[in-house]
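Okay, so the sequence shown: first residue is 27 according to my numbering, each after it adds one.
What follows is a set of notes on a single structure, which appears directly below.
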Amino acid sequence: MLPAPKAILFDLDGTLLDTAPDMAAALNRVRAEQGLEPMPFEAIRPHVSNGARGLLGIGLGITPDDSGYEGLRERFLALYAEDLAVHTCLFPGLEALVESLEQRALPWGVVTNKPGELTRRLLEALEITPAVVVCGDDLRRAKPHPDPLLFAAGKLRLPPNAIWYIGDHERDVVAGNAAHMPTVAGRWGYLDGERPIESWGATVVIDNPEDIAHLLSRADQDATHTETVDAK
27 MLPAPKAILF
37 DLDGTLLDTA
47 PDMAAALNRV
57 RAEQGLEPMP
67 FEAIRPHVSN
77 GARGLLGIGL
87 GITPDDSGYE
97 GLRERFLALY
107 AEDLAVHTCL
117 FPGLEALVES
127 LEQRALPWGV
137 VTNKPGELTR
147 RLLEALEITP
157 AVVVCGDDLR
167 RAKPHPDPLL
177 FAAGKLRLPP
187 NAIWYIGDHE
197 RDVVAGNAAH
207 MPTVAGRWGY
217 LDGERPIESW
227 GATVVIDNPE
237 DIAHLLSRAD
247 QDATHTETVD
257 AK
């Protein structure tokens, strides 16, 4: 059971925004510079939530321990920054959801491991204005540590257990659970297949962004029912 929230926080890549096309394009530009053929989009998409480290791992077979990693990481991020909002958009159903949240004065925000400069440029380019944004380099520790979620809760001036956190990666659920936030895992995101989504320990697993509205409606009904019973 999910309690009616006083705010909702979203992961960014693979949850709120479909950034995979632009990130895949940047990876294939790096591959081209290395004399490699482009990778199929379908092979890249599941790894987008793992950021530059995950993409360079599957695209170039390198890790942060390799000597050339940092240079290639900087090149990938530079290429991505050049065209970070060409094909990126809200996932279907989320524009309407965001509008409904704003109409009901329910604050919403973003907690992501994406670097702050890229995150804020992207949100500005898409004219998206969350109430709070916490990025991967804003604090000393990023997800799966709960610190970014707790920081966001503090900025919203709400207890963590009054906020839903919605994500598409196990680290999102781990961070949310550690912060004592109800967690929602979405199947529409960039699932990397490492562990089944049902095993992450989320409060609820949903298939589509439209399901968030159904969860909110159900939580509101449960809250109304509880208030009615308590009043008797």
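Glycine residues also receive a C-beta, built at the ideal position from the N, C-alpha and C atoms.
| Check | Outcome |
| --- | --- |
| Please state the DSSP three-state secondary structure of residue 216. | coil |
| What is the residue span of the alpha helix (DSSP H) that residue 50 lies within? | 46-59 |
| Give the secondary structure of residue 135 by DSSP, where H, G and I count as helix, E and B as strand, and everything else as coil. | strand |
| Are the region 57-71 and the region 164-184 in contact at 8 Å, needing three or more beta carbon pairs? | no |
| Pull up the CB-CB distance for residue 132 and residue 33, whole angstroms please, since I reckon it's below 8 Å. | 7 Å |
| Answer yes if the region 97-117 comes into contact with the region 45-53, meaning at least three C-beta pairs across the two stretches below 8 Å, and no otherwise. | yes |
| Assuming residue 159 contacts residue 145 (C-beta within less than 8 Å), just tell me the rounded distance between them. | 6 Å |
| When you compare each of 109, 107, 78 and 206 to residue 96 by their alpha carbons, which one comes out closest? | 78 |
| With DSSP as the reference, label residue 209 as helix, strand or coil. | strand |
| Could you give the distance in angstroms between the alpha-carbon of residue 85 and the alpha-carbon of residue 248? | 47 Å |
| With residue 34 as the anchor, note down where its beta strand (DSSP E) starts and where it stops. | 33-36 |
| Can you say whether residue 193 is buried or exposed, counting buried as having 16 or more other CB atoms within 10 angstroms of its CB? | buried |
| Using only the alpha-carbon positions, how far apart do residue 151 and residue 109 sit? | 11 Å |
| Residue 139 and residue 8 - do their beta-carbons sit closer together than 8 Å? | For the chain, the structure presents residues 27 to 258; residue 8 sits outside this window and is missing. |
| In chain order, what are the residue ranges of uninterrupted alpha helix (DSSP H) at least 4 long that sit wholly in the region 80-159? | 95-108, 120-129 and 142-151 |
| Could you check what DSSP says for residue 39 in three-state terms: helix, strand or coil? | strand |
| Could you give the DSSP three-state label for residue 193: helix, strand or coil? | strand |
| Going by alpha carbons, who is nearest to residue 27 out of 210, 142, 235 and 67? | 210 |
| Looking only at DSSP bridge pairs, what is residue 230 linked to? | 210 |
| Residues in its own chain within less than 8 Å of residue 141 by CB, not counting five upstream and five downstream? | 103, 161, 162 and 163 |
| Cutting at 8 Å between CB atoms, please list the residues of its own chain near residue 64, excluding the five before and the five after it. | 54, 57 and 58 |
| Pop quiz: residue 120 and residue 99 are said to be a contact at Cβ under 8 Å. What is the actual Cβ separation, rounded to whole angstroms? | About 29 Å separates the two Cβ atoms, so there is no contact after all. |
| Please identify the residue among 215, 190, 216 and 219 whose C-alpha is closest to the C-alpha of residue 205. | 190 |
| Between which two residues does the alpha helix (DSSP H) holding residue 173 run? | 173-182 |
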